[in-house]
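The block underneath contains the structure these notes are about, expressed in structure tokens.
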Amino acid sequence: MNCGVIRDLLPLYADGVAGDETRALVEQHLETCAGCREELARMRAAVEADAADDAGFGRALQRQKRRRTRRTVLLIAAAVVLGAAVCLGILWSRGVFHIVDRQTSPDGTVTTTVYSRNVTGAFPTAGDCTLRDSGAVRGSTVYGGTFDGLWWSPDGRYQVVSVVDGGRVQLWFHNYSRNSGGNLTAWVSMAVQSAGWFPDAPVSEMEWPDVEYRFLQWAEAGGTMLLRYDYVDTGGVDRAGYFWYDCETGQVRGAMELPTAVARGTVLDTGRRIDGTEFFTMALDELDGNGNVVEFVALVPDTAQLRGLETVEKDDRVAVVYRESTALQHAAVSVTAIP
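In structure tokens:
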């Protein structure tokens, strides 16, 4: 059979779709015809090249698909991180991470949330604290200093806020029934001065007795509060006690001073109790009531004043002003270095 007929049949043969008789005829011719064998080889090489191209194209498609998948995953992860950052930024700007207290009035009408920073601007700023009311009354008040405490009156009409500014306690007052308030420390100072109390106290810049006041509790009636006072008189003696202040009349009454005693001697040892309170023992210079020189254990709270001392150490000569509590455990008001 001539080569023209065979070459017409070679594509079927090369693709493997020729019938048995055709395949036999082509193979018989290929045994004796080098030219047709070469043509068949070229056909098969082209088919293999196309197959290789198809395989390469498939691999390229797979690579592109994987790249798209990775890009999609990265975009999703970036969106999640960005969303979380935005949410955290919003929460931070609103002061959520600076909330230190939240109290609801006894009548349940107002909730006060306390923030350790000034959160009234675009971003929280340090140095002040913010009280934000919600419920029947809404609004924010910024106080200079560090938040120290908040107390509602039993009837929910009044609120006292304590902040520490410059190392001293400052009291603020809010009357929710009249939506008014002000500087409670100043009001109390004026009432104390009007009553003629604490004549031995130093005078402040406002010409009031230079006394520090701390809120203790409300009376059951709700309009009167029990306050503690602390000051060092002009003779250097630490004085403290309690009195009642009527926030409706602005009057003070019932002052009671806590008695103090003074112990002088040499520090024998110092230490710290499990609750973190510092203590020291000392040998007294004078005999006690039984005629013995005894050890004196003084607990030193954070409010105790150290004069001429940074810390109390062994062999220090000190004078301790204290208020008796239990045997051999007295809370120090001040510890002063002596010759």
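Going by this note's numbering, the first residue of the sequence shown is number 16, and it counts up by one from there.
Ideal Cβ placement from N, Cα and C applies to all residues, glycine included.
>> Is it buried or exposed, F112, if we count other Cβ atoms within 10 angstroms and call 16 or more buried?
In response: Within the sequence shown, residue 112 is the residue found at index 97, counting from 1. By the beta-carbon neighbour count (other beta carbons within 10 angstroms, threshold 16), F112 is exposed.
>> Please list the terminal residues of the continuous beta strand (DSSP E) segment that includes L242.
In response: Stepping through the sequence shown from its first residue, residue 242 is reached at position 227. Segment T239 to V247, the beta strand (DSSP E) holding L242.
> What are the boundary residues of the alpha helix (DSSP H) that includes M205?
Replying inline: Locating residue 205 in the sequence shown gives position 190, counting from the first residue. Segment L199 to A210, the alpha helix (DSSP H) holding M205.
>> In the DSSP assignment, the beta strand (DSSP E) including E227 goes from what residue to what residue?
In response: Counted from its first residue, the sequence shown places residue 227 at position 212. For E227, the uninterrupted beta strand (DSSP E) run begins and ends at E227 to W233, by DSSP.
> Taking DSSP as the reference, what is the three-state secondary structure of A60?
Replying inline: Here residue 60 refers to the residue found at position 45 of the sequence shown. The three-state secondary structure of A60, taken from DSSP, is helix.
> In angstroms, rounded to a whole number, what distance separates the CA positions of R332 and P217?
Replying inline: For the purposes of this step, residue 332 is identified with residue 317 of the sequence shown, where counting begins at 1. For the purposes of this step, residue 217 is identified with residue 202 of the sequence shown, where counting begins at 1. Rounded to the nearest whole angstrom, the C-alpha separation of R332 and P217 is 27 Å.
> With C-beta atoms as the reference, is F213 less than 7 Å away from V203?
Replying inline: Looking up residue 213 in the sequence shown gives position 198. Looking up residue 203 in the sequence shown gives position 188. Their beta carbons are not under 7 Å apart, which means F213 does not touch V203 by this criterion.
> Could you give the residue range of the beta strand (DSSP E) that holds A236?
Replying inline: Here the question's residue 236 lines up with position 221 in the sequence shown. DSSP places A236 outside any beta strand (DSSP E), giving it a letter other than H or E.
> Residue ranges of each alpha helix (DSSP H) run of no fewer than 4 residues wholly in the region 102-162, ordered along the chain?
Replying inline: Uninterrupted alpha helix (DSSP H) stretches at least 4 residues long and entirely within the region 102-162 do not occur.
>> Could you tell me the alpha carbon to alpha carbon distance between L90 and Q77, rounded to whole angstroms?
In response: Locating residue 90 in the sequence shown gives position 75, where the first residue counts as 1. Locating residue 77 in the sequence shown gives position 62, where the first residue counts as 1. Cα-Cα distance, rounded: 20 Å.
> When the Cβ atoms of the region 283-292 are set against those of the region 243-262, are three or more pairs found closer than 8 Å?
Replying inline: Segments in contact, no.
>> Taking contact to mean 3 or more Cβ pairs, one atom from each stretch, closer than 8 Å, check whether the region 303-315 and the region 260-276 are in contact.
In response: As far as the Cβ criterion goes, the region 303-315 does not touch the region 260-276, which means the pair count is below three.
> Which of helix, strand or coil does DSSP assign to V267?
Replying inline: Position 252 of the sequence shown holds residue 267. In this structure, V267 counts as strand in the three-state DSSP scheme.
> Closest to P354 by CA distance: which of D300, P139 and N307 is it?
Replying inline: The sequence position of residue 354 within the sequence shown is 339, counting from 1. Ranking D300, P139 and N307 by Cα distance to P354 puts D300 first.
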